[in-house]
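Undergrad:
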Amino acid sequence: MIRLTRPDADAIATALRGFDPAFSYAEVGATASPEALASLARGYVVDRRRFPLGTGREVFERARLALFDWRHFEIPWLSLEGAGAPVHADQIVATLTRVFGLWFLNPCRVVDRVDPPGEAQAVSFAYGTLQGHVAAGEERFSVRLDPATGVVELEILAFSRPAQWWTRAGRPFMRRVQGRFGFAAGAALARACRRLGAN
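For our numbering, add 113 to where a residue sits in the sequence shown, where the first one is 1.
(1) Using three-state DSSP, classify V350 as helix, strand or coil.
(2) Kindly provide the ranges of any beta strand (DSSP E) runs that are 3 or more residues long and lie completely inside the region 167 to 231, ordered along the chain.
(3) Could you pull the start and end residues of the alpha helix (DSSP H) that A124 belongs to?
(4) Is it right to say L243 is buried, meaning 16 or more other beta carbons lie within 10 angstroms of its own, or is it exposed?
(5) Can you give me the Cβ contacts of L309 inside the same chain, cut-off strictly under 6 Å, excluding the 5 residues immediately before and after it?
(6) Pick from V290, L180, P120: whose alpha carbon is nearest that of R257?
(7) Using the rule of at least 16 other Cβ atoms within 10 Å of the residue's Cβ for burial, across every protein chain shown, is G195 buried or exposed?
(8) Looking only at its own chain, which residues have a Cβ that is under 8 Å from the Cβ of I188, when we skip the five neighbours before and after it?
(9) Whole angstroms are fine: how far does the CA of M114 sit from the CA of A128?
(10) Can you list, in chain order, the residues of its chain whose CB lies under 8 Å from that of G142, leaving out five sequence neighbours each side?
(11) May I ask you to list the residues that DSSP assigns as paired with D160?
(12) So which of T210, E232, L191, R184 has the shortest CA-CA distance to A198?
(13) A297 by DSSP, collapsed to three states: which one?
(14) Could you name the residues of the same chain whose beta carbon sits closer than 7 Å to that of G263, not counting the 5 residues immediately before and after it, in chain order?
(15) Within 9 Å (strictly less), CB to CB, does G142 reach chain D?
(16) Whose CA, out of A233, D182, D121, R130, lies closest to the CA of L209?
(17) Determine the contact status of R177 and A233, defining contact as a CB-CB distance below 9 Å.
(18) Taking all protein chains shown into account, do 16 or more other C-beta atoms lie within 10 angstroms of the C-beta of E144, making it buried, or fewer, making it exposed?
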């Protein structure tokens, strides 16, 4: 969905209800499988970024809560729509951004949520693009606790390729925006962990 003006809440809600829930790429779930990731179709770019969040079990548990509450999307230049509930499989959300004076509503659907019971050392979820997104692919957000060092980090693993002719033409710019989002998400989750620790 592309608009000249920012869509209001009703327009966004209507768009979220109208998105086709079918993923716009064939390799659904590949971010959970090293083998699948290694055999992606030609044209995909794989990104893996890691961001330290602190140390210790308490930090891990705060990061886990923040991750599944979408807190890493608390980014000034981006609005996450449809995330009124914690992360769950098949949830449809969309990011709203303004680029070159145009508003883009990019839909995604949650692929899975990995949240083992007990004292887990890693949790994650992935979401994948739907038709209408400027890209095609999948992104997994993982929080890990290193049992040897106690270091807690956010990992963002993604594969993507342009889904529209104009994003293919502007691929270098799209890559810059993707990189900017990664760093902003890491900083947002770190802030959320600190705020949860202060309460």
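C-beta atoms are modelled at their ideal positions from N, C-alpha and C, and glycine is treated no differently. Bear in mind that the values here come from a model prediction, so they are computed numbers and not experimental data.
TA: Taking the definition as stated:
(1) As shown, the chain starts at 114 and ends at 312. That puts residue 350 outside it, with no answer to give.
(2) With a minimum length of 3 residues, the continuous beta strand (DSSP E) runs that stay inside the region 167 to 231 are 192 to 194, 205 to 212, 215 to 227.
(3) First-last of the alpha helix (DSSP H) with A124: 122 to 131.
(4) Counting the other Cβ atoms within 10 Å of the Cβ of L243 gives 16 or more, which makes it buried.
(5) These residues qualify, in order along the chain: R175.
(6) For the options V290, L180, P120, the alpha carbon positioned closest to that of R257 is the one of L180.
(7) G195 should be labelled buried.
(8) Closer than 8 Å at the Cβ level, and outside the excluded window around I188, lie F294, A297, A298, A301.
(9) The C-alpha of M114 is placed about 8 Å away from the C-alpha of A128.
(10) Cβ neighbours of G142 beyond the five flanking positions: A149, V224, D225, A239, E251.
(11) Note: D160 is bridge-paired with A271 in the DSSP secondary-structure output.
(12) Nearest Cα to A198 within the set T210, E232, L191, R184: R184.
(13) In this structure, A297 counts as helix in the three-state DSSP scheme.
(14) Leaving aside the five residues that flank G263 on each side, the residues in its chain whose CB is nearer than 7 Å to its CB run, in chain order, T168, G169.
(15) This model lacks chain D altogether; it includes just one protein chain.
(16) With distances taken between Cα atoms, L209 lies closest to D121.
(17) Yes.
(18) In the sequence as presented, Glu is not what sits at residue 144; that position holds Thr. A residue is called buried once 16 or more other Cβ atoms fall within 10 Å of its Cβ, and T144 is buried on that count.
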